[in-house]
Every structure is written in structure tokens, then in C-alpha cells.
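Visitor: When we follow my numbering, the leftmost residue of the sequence shown carries the number 85, and every step to the right adds one. Note that beta-carbon positions come from the ideal geometry of N, C-alpha and C, so glycine has one too. Dumping the structure here so I can ask a few things about it.
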Amino acid sequence: MIIDEMTNNVFLKKLYSGDITSSILIGRFSIDLSGYCDIEFHVNKEPDISVEKYGVWGVDYNTIVIKTKGKITGDVLITEWLLNGYKELNVKKTDNGIIIKSKNGKFNFSVELSGLIFQGISVYYDGEG
């Protein structure tokens, strides 16, 4: 489960006690020359707890954006980024950290990281549901 691979994940484990990797959108990926990256995972699964400051699920918001940072330790592969959509996210532990993969038709995303650090969340209503 992706949340288990993040440090600083206490709040996330309260928000989602179960697996969220069955339907995730990688909404943002950026990398700098030193190999650090930002990845934002968009989750359209209702959380286990309500957070008052965000409002009511399905009324005020229906998507949670999980913001993370990581350090690249190997390959980065992105093809057909604009075809990205909600799909299963595969997370595999390695000797050096983790590999995150997502594939949706011609869209392909794969990155090798030492790990992920949870930075925060934001929410929005995408107009569907």
C-alpha cells in the first residue's frame, strides 16, 4: 500500500485505513537536477474519517490530493502523459527503496525512489459524482 511507504504518514493512515491504490491519478510529477521530485496522487475514494475544515465528502469535495516528496534512485519513465487517468497504482519494495508504476493504455509512468515523504493534502470537487 502506498501510504505504508511514506514517512510522516500518521494522518494519512487515519484518513485511509485500507488500500487506495486501485484508483489513483498521478496529477503532478516534477523533478529537479539534484534528483528530488514532487508527486501528487489524486484519490477519489471517500476517506474513513471526515475532516471538518474540508467540508462534506461528495458535496464540498470528492477528490483528495496527497502531496509527497521523494529522491530518485534509478530510472524515470513517462510516456503519453496527457493520456494519464485514474488507474491502479503498483508499488514494489526494492533493496534501494520503492518503484511506483501506473499504466493506462499508451500512458506509462514508472519511477524508482528511495521513499516518499508525505507533505500535506488538498481537496477539490471535480464536478463528477
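Under 6 angstroms Cβ to Cβ from I183, same chain only, skipping five residues before and after it: list those, please.
Guide: Here the set comprises K176, E196.
Visitor: Where does the unbroken beta strand (DSSP E) through V94 begin, and where does it stop?
Guide: Run containing V94: none in the beta strand (DSSP E); it sits in the alpha helix (DSSP H), 94–99.
Visitor: Is the separation between the beta-carbon of D124 and that of G199 shorter than 8 angstroms?
Guide: Correcting the residue identity first, residue 124 is Glu in this sequence and not Asp. Their beta carbons are not under 8 angstroms apart, which means E124 does not touch G199 by this criterion.
Visitor: Around the Cβ of V94, are there at least 16 other Cβ atoms within 10 angstroms (buried) or fewer (exposed)?
Guide: With fewer than 16 other Cβ atoms within 10 Å, it is exposed.
Visitor: For G204, report the span of its beta strand (DSSP E) as first-last.
Guide: Unbroken beta strand (DSSP E) run through G204: 191–208.
Visitor: Just grab the DSSP bridge partners of V149 for me.
Guide: H126, S206, per the DSSP bridge assignment.
Visitor: Mind checking which residues open and close the beta strand (DSSP E) that includes V175?
Guide: Per DSSP, V175 belongs to the beta strand (DSSP E) from 173–178.
Visitor: Which term fits K171, buried or exposed, when burial requires 16 or more other beta carbons within 10 angstroms of its beta carbon?
Guide: Buried: at least 16 other Cβ atoms inside 10 Å.
Visitor: Since I believe V149 is in contact with H126 (beta carbons under 8 angstroms), could you give me their beta-carbon distance rounded to a whole number of angstroms?
Guide: At roughly 5 angstroms, the Cβ-Cβ gap stays under 8 angstroms, so H126 and V149 are in contact.
Visitor: Suppose you measure from the CA of G158 to the CA of D210; what does that come to, to the nearest Å?
Guide: When rounded, the distance between both Cα atoms is 34 angstroms.
Visitor: Looking at V207: is its Cβ nearer than 8 angstroms to the Cβ of T152?
Guide: Contact: no.
Visitor: Quick check on DSSP: helix, strand or coil for Y138?
Guide: Y138 falls in the helix class under three-state DSSP.
Visitor: Please determine, among Y145, K187, L96, the residue with the shortest C-alpha to C-alpha distance to G169.
Guide: Among Y145, K187, L96, the Cα nearest to that of G169 is on K187.
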